[in-house]
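Position one of the sequence shown corresponds to residue 2 (our numbering), numbered consecutively onward. For each residue, glycine too, the CB sits at the ideal point set by N, CA and C. Since we're looking at a predicted model, the values are computed, not measured. To keep things clear, I will list the structure first and then write my remarks on it.
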Amino acid sequence: GCPGNPSHVGVSITTVTNLVSDGCRDHSWADPPVGPSVDDLAEALADLAPFQVTAPTRDVTIDGYSGKHLEWTVPDLPVDGTGNDLRFTGCVEGNLKSWVGFIDTAEPGDAFYGYTGPGYREEFWIVDVEGTRLMIAAEGSPGSPAEDLAELRAIVDSVRIEP
Numbered sequence: 002g003c004p005g006n007p008s009h010v011g012v013s014i015t016t017v018t019n020l021v022s023d024g025c026r027d028h029s030w031a032d033p034p035v036g037p038s039v040d041d042l043a044e045a046l047a048d049l050a051p052f053q054v055t056a057p058t059r060d061v062t063i064d065g066y067s068g069k070h071l072e073w074t075v076p077d078l079p080v081d082g083t084g085n086d087l088r089f090t091g092c093v094e095g096n097l098k099s100w101v102g103f104i105d106t107a108e109p110g111d112a113f114y115g116y117t118g119p120g121y122r123e124e125f126w127i128v129d130v131e132g133t134r135l136m137i138a139a140e141g142s143p144g145s146p147a148e149d150l151a152e153l154r155a156i157v158d159s160v161r162i163e164p
C-alpha cells in the first residue's frame with residue numbers, strides 16, 4: 002500500500018436497497034430511495050458524489066444473468082492521519098459512505114464505509130437474478146500487491162449464481 006496506508010482488497014456480494022445522499026457530506030439514506038431495477042442502481046452509483054466514475058456503465062452477463070458494470074475511484078479528497086486512523090477531512094465522521102447493503106438496513110444511516118483513502122477503486126457488477134437485484138463489489142486500495150489483485154479478480158471470476 003501507500004506509505005502509512007495499509008493495502009486492502011475485498012469483495013462484497015449483497016442485495017443493495019439504497020445509497021447515501023452524499024458519500025462525504027450527508028450519510029442519510031437517499032429519499033426517495035433508489036429504484037428497484039439494475040439500471041436504477043447503476044445510474045445512482047454513477048451519480049453519487051464525490052466518487053469519480055473511471056469506467057462508464059456497460060452491459061455484462063454474470064453466470065447467465067444480465068446486468069451492468071461500472072467502476073469508480075475515491076477522488077483526491079483531503080485526509081488527516083495515516084493507516085487505520087486515516088480520516089477524510091470535511092466528511093461526516095471522517096468517513097466516506099456509499100451503498101446500503103442488506104447488513105446495513107437495520108440502522109438508518111448505516112452504509113458501506115471501507116474506503117481507505119484517495120485512489121481507492123471499486124468495481125460493481127449489478128445483475129437481476131430472477132427479480133432480485135444482486136450486486137458484486139470488488140475493491141482495492143492504491144498500491145495493493147499484484148498477487149492480491151489477481152486473487153480478487155479470480156474470486157469475482159469464480160462467482161456462480163444459483164437462485
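For residue j and residue i, the rounded distance between their alpha carbons
i	j	result
P34	W100	11 Å
G95	L49	17 Å
C3	L97	In this prediction, C3 scores a pLDDT of 43, lower than 50, which makes its location untrustworthy; no coordinate-derived value is stated.
E124	S29	23 Å
I162	V10	22 Å
S145	V54	20 Å
V39	V17	10 Å
S8	A56	22 Å
G110	V21	7 Å
I128	D149	In the sequence on display, residue 128 carries Val and not Ile. Each residue's Cα considered, the two are about 25 Å apart.
P119	D81	12 Å
G65	T58	19 Å
Where the beta strand (DSSP E) containing residue i begins and where it ends
i	result
D149	Per DSSP, D149 belongs to no beta strand (DSSP E); it is in the alpha helix (DSSP H), A147 to D158.
D27	D27 to W30
Residue span of the alpha helix (DSSP H) that contains residue i, given as start and end
i	result
A112	Neither: A112 is in no alpha helix (DSSP H) and is coded neither H nor E.
V186	The structure shown does not extend to residue 186, since the chain is modelled only from 2 through 164, so no value can be given for it.
According to DSSP, residues forming a beta bridge with residue i
i	result
R59	H70
T133	V130
V80	F89
V101	N19
S13	A138
V54	W73
R161	In the DSSP output, where bridge partners are listed per residue, R161 has none listed.
E124	E72 and A139
Local Cβ density within 10 Å of residue i, reported as buried at 16 or more and exposed below that
i	result
R26	exposed
G91	exposed
I137	buried
R134	buried
F103	exposed
N85	exposed
D105	buried
G200	No statement about residue 200 is possible, as the shown extent of the chain runs from 2 to 164 and does not include it.
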